[in-house]
Structures are given as C-alpha cells and as structure tokens.
Amino acid sequence: MQNQTAKTLKVKAVAALEEGKFQAALKKAQLGVKKFPTDSDFHAISGFVLTEMKQYKRSIPHFVEAARMKPDDPQFAENLANALMQTGQIAKALEYAELKVEKFPASKELNRVIDEITLKGKNWRLIIEHVTKKLQSDPESVNLLSTRARAYGRIGYVEHNSRDISKAYELDPENEKIAFQKAVNLHQSGDKKGCANILQGIYAKEPFHVATLLQLSTMSSKEDAPKLMEAVEAAISESVHELSELEFAKAHLIQKADSLGAALPQFARANAIQHNVKPYDLEAEEQKFERITGLFPVGGRVPWSEQTDQPVPIFVLGQPRSGTTLMEMMLSSAPDIAGCGELTVGADLSRDYAQHRKTFDSTAAAKYAKEFRELMPPIPDGSTAFVDKMPHNFQRVGFLLSAFPNAKIINMLRDPRDVGLSKWIRRFPAGGMNYASNLETIAHSANLYRRYMAHWDAVFGDKILTVPYEKLVADPETYSKQVAAFCDLEWTETMMHPEENTKQVRTASIDQVRNKISTKSIGGWRSVSEHIQPMLAGFDTGLWPEYDIDQG
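Note that numbering that gives the first Met the number 0 has the sequence shown beginning at 0, numbered continuously upward.
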C-alpha cells in the first residue's frame, strides 16, 4: 500500500511539473521526501523542479542525495554537475563532472558541462582565484598546484603553468596525475626524451593508464609500435566503456606499424565514439555566423576604438591544422615579438555579442581592447608586438579590428582536404572542435571558415593578409618577407627557421614545428581519398577556387 501511495504521489508531482505548476510539484515532491526517505525519485523530482525554477542552489542537496542513493544512474550526476556550475561553483563543478565522466564516458550532458566550463576563460580565472586562496593555507598541496597549473595553461600563462607543475612534481613525483602533467609540459618545451622517460615510468606502474597510452602512441617508433599495441589492446579489453582515447591510440599505432591507409578505418571508429558523445551543432554555428556578420555588414560603418597602443597585436588565424602554429613560430623568431599561443580572450570578450547580437559600437570596441590587454598573459618588456594564434579567431575579425585598428590579421589558407585529413587523424577533445570527429561536419566547418573570411575581406580589405600554406612552405624566404613587411617588422633570417625557436608549443602541431619547414604533407589526402569521401563531397567548390576541389 505504501509503495502504491509513493507511486501515486510521484505521478501527481510529475504531472504538476509537466504542466508548469512548479510550486505544486515541489510541494508534492518534498512531501514524498519526508514520507519515503529511501526513495531517490522524490529527491530527483525536487531537484528537477527547483532547476526549472532556476533555484539551482536549493536543488543541489536533492541531487547530492539522489546521486548517493543511485550511484550508477548518470542522470543524477549530470544534474548535480549542472547545478554546481549554475551556482558559480566552477572549480567544484569541473572536478565533479570530470570525475563522473570517467564512470559515464558516454554522458553527453556531463561532456556538455565540461565543455561549457572549459571554453570560457573567465571560468579558469575563477578557478585560479579560488585555488590561490586555498594555497595560502596549504602551499604544498600538489592537487591544488596541479589544478592551478591547468587553469594557467588554459588562459595562456605558460610560465605560471610550468612553475606550478614543476613544484607539484618536485613534491610528489610518484603521483601519476602530476607526473603526466610534467611529461606533457616537457613535450611542449621540446624535450621529447624527458617526456618519454616519465611516461614510461607511469606505464610501468599503471599499464592501463589511458592518457599515457594515448600520448605514447603518438610518439612511438615503428619498432616499438607492436609491443605498445599489445598494451593498448589489453586496456581496451579491460575497459567497461568504449573510450575514444584508446581507439585513437590503436589507430596511431596501426599507422606507425603499417600505413595511414591501413589506420583510417580505426580512426573512423575512434571518431565515431567521440562524435556520439560530443556532436557538432551545425544549426547553432550557422546562426552564430549570421549574428556575427550582421554586426559588421558590408558597406556599413565599422566601429573603431582608436586604440593604437603598443605592443601591436598580430592575430594569426585560419582553420586548425592550416599552419597557424608554424606562422606564430616564424613571427616569434624575430626580435621583440612575443608569441602568446592560442588565447581565449578574444572569444571570451565577444561571446555575449556573438550569442545575443548586442550592439557593438565604438564604446564597446574600446572596452574590448582595454579588457583584452588586461586579461592577456604578461609578455617580455620591450616587446613591440605580440602574436595570438587562436585559429577560430576567424569568427571574430570584426571585433578584433574594431578594438585594435592597428592590429595585423594573417589568414592562413591551406587546402581543406589536407586540413580535414589532418583533423580526422587526431583527437581533439576541446568543445570548440566537435566538428573534427565527423567527415561531413569537417567539410561544413571548412566552408563556414571560408564564408567568414570572404565577409571579413569584403569589410576590411587590405587589413587582412592571406598566406597560402603551400606557397609559404615551398618558398619560406619570400613569404616570410611578405609577412614581415605587412606586420611592419624587420625581417630576419631566423624567421625561416622556426624549428630553432625554443617557445613552448601547446597544439596538435607540437612535433611538426620542431622540424625544418617541409612540403611533404602537401597533397597527402590523395593517397587515402577513398576513406574520406563524405568530407570531399561536402566542400563547396565555389568557396575554394585555388584548389580544384571538384577534382577531389
């Protein structure tokens, strides 16, 4: 009888919720909490109602209790993670969501929460502030140092990031999480041997350490690939869930031991797993394009900030894998040019305008410029220019040039077929790269990039320099001189030798830019074209006149 009463009460509470009668639904759900304290559903319904009422703080205790009662139900974990995020408890929300996504890797909602947090630079700054306060009372907490290091890295504070990682590693070199961070940090600095030594140490103690297996697979030689493949296969068989990291590791090792063509079916499997969890919202991207370009119409009046201070901003943009890292390394090889990597500041400051089409006038442009300089990482004294090579800034050229009328925009143009293949065979877990795990959406994002740049070229004309990647690597002297002249820099021969640049690299180009400039990757898509037909068919031939796309 009591169970029937509980069932009846649930039906009434849910019915009231669906009818939008939130107070009535909450009253019935909380009555159920009192009468049936061991029934998790009443806590869940209470949490849902409070969430609909946007009373996220009040919903948290209910989701905590529901998750405690049913630890194997991902829905309760998803709701708790979202409630923590909505109440501004960013550090807790991220920590909890990442902990739970290990248990529920197929949860789209947990991945959405993680993406929403990690895509916003302001959230990383909140984490830094939160952790720094905690470190005052516990300065040798390796977990706090690790968390702050990660946050510093995400907003481009490279030296701060390396400092915290080094300190944490000195305090606890046996900690797998810290050791892995240290290994990656060494790799970013060009020390592949030091990185490999630490990774091998982690692997010896924990042969199923997923991140280590993936990292080792990307660094493996042909000779070492078969042995490492055994470890990856064993980890896959032991895993309860399908993990894209392990499937990508397997694909890399097939490529090392055999060929790219042999590995592409496995890359397709890895990408399918990732795309299922982190799908690309094509419609949302189209709407964003319309909103942003609508703020800067062709023939309209551009809002200028009149901000022309030094150091001069140089924005290198284009599709990811189009040569943006190479260009930054070339530019920052010149004297007094600071390379800042991929800064999130441009995206952070333009987000409200891009999402809600708020008016972006001269006052807003001046504010944008001021806050950009305040939020960007420190650069060496005496720098005459700094380079921000965030590829997706191709969406934000209007904001950037309005805020910085003296800025230089360098658009890296590369054959979208080579770019697309390069994306397809790498794992991009970041939320802003969801399109990279599906061949059709890779093509859509490439076409969208070209549409953005066609619009910006029409609005800003010669304020943008387009550099064809294929011509740059074939004749680096001529094109580096062209870039230097455009940026009002004195050309130096060092710009032709980016492989000698000791700057940290934190992108998928981490190994390529440590090698001399080469043309060997040009046209690589041709030998495997049968594996990437959905992408080849998706390119708009009218947008790519330079590359005879219709012949692909």
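Ideal Cβ placement from N, Cα and C applies to all residues, glycine included. Everything numeric in this text was worked out from a predicted model, so none of it was measured.
Nearest to residue i by CA position, among the options, is which residue?
i: K132; options: N122, R147 and N275; result: R147
i: E222; options: N196, A234 and L252; result: L252
i: V209; options: E115, S188 and L227; result: L227
i: Q74; options: F47, V458 and K176; result: F47
i: D461; options: D351, K102, T540 and I409; result: I409
i: K121; options: I201, L213, A90 and N110; result: A90
i: D347; options: T7, G419 and F371; result: F371
i: P60; options: D71, I44 and V239; result: I44
i: K255; options: T217, L125, A24 and S238; result: T217
i: D40; options: E439, D72 and R57; result: D72
i: H454; options: R395, N437 and T491; result: R395
i: Y156; options: F359, E232 and M375; result: M375
Can the beta-carbon of residue i be found less than 8 Å from the beta-carbon of residue j?
i: R162; j: W123; result: no
i: L325; j: I313; result: no
i: F403; j: C339; result: no
i: F295; j: V458; result: yes
i: Q273; j: K249; result: no
i: P278; j: N433; result: yes
i: L438; j: P319; result: no
i: V527; j: L263; result: yes
i: A66; j: A76; result: yes
i: G260; j: D335; result: no
Identify whether residue i lies in helix, strand or coil by the three-state DSSP scheme.
i: I548; result: helix
i: N410; result: strand
i: V209; result: helix
i: A337; result: strand
i: V466; result: strand
i: P428; result: coil
i: F314; result: strand
i: F41; result: helix
i: V386; result: strand
i: L342; result: coil
i: I516; result: coil
i: A105; result: coil
i: R450; result: helix
i: Q54; result: coil
By how many angstroms is the C-alpha of residue j removed from the C-alpha of residue i?
i: R290; j: N392; result: 15 Å
i: P138; j: S145; result: 12 Å
i: G193; j: G298; result: 55 Å
i: K519; j: T323; result: 17 Å
i: K287; j: A353; result: 6 Å
i: K366; j: I164; result: 34 Å
i: V63; j: Q29; result: 15 Å
i: T292; j: L316; result: 17 Å
i: I378; j: E169; result: 27 Å
i: R111; j: E18; result: 27 Å
i: L213; j: L198; result: 10 Å
i: R413; j: G541; result: 15 Å
i: A429; j: R149; result: 14 Å
i: L215; j: A195; result: 7 Å
i: K34; j: L8; result: 10 Å
i: F485; j: T343; result: 25 Å
i: A5; j: G31; result: 7 Å
i: A283; j: E115; result: 15 Å
i: F247; j: L185; result: 22 Å
i: L93; j: D171; result: 23 Å
i: K191; j: R57; result: 49 Å
i: V482; j: T307; result: 20 Å
i: R449; j: L471; result: 19 Å
i: P104; j: M328; result: 36 Å
i: N270; j: V276; result: 10 Å
i: S243; j: V183; result: 19 Å
Tell me which same chain residues have a C-beta within less than 7 Å of the C-beta of residue i, skipping the five on either side of it?
i: K515; result: E498
i: K176; result: S145
i: A364; result: P302, W303, S304, S401 and A402
i: P225; result: A256
i: V100; result: S106, L109, N110 and I113
i: T440; result: Y279, L281 and Y434
Near residue i, which residues of its chain fall below 6 Å by C-beta distance, leaving aside the five closest residues on each side in sequence?
i: I521; result: E469
i: F427; result: A435
i: Y546; result: D414
i: A96; result: A80, L109, V112 and I113
i: A333; result: L488, T491 and M494
So, does the CB of residue i fall closer than 8 Å to a CB anywhere in chain B?
i: L348; result: Note that chain B does not occur in the displayed structure, where there is just one protein chain.
So, for residue i: in the same chain, excluding its five sequence neighbours on each side, which residues have a beta-carbon less than 8 Å away from its beta-carbon?
i: F21; result: A15, V48, E51 and M52
i: L399; result: P312, F314, G345, N392, A406 and I408
i: S321; result: P390, M411, L412, R413, V418 and Y468
i: F538; result: P415, R416, A442, A445, N446, I548 and G551
i: Y202; result: H208, T211, L212, L215 and A230
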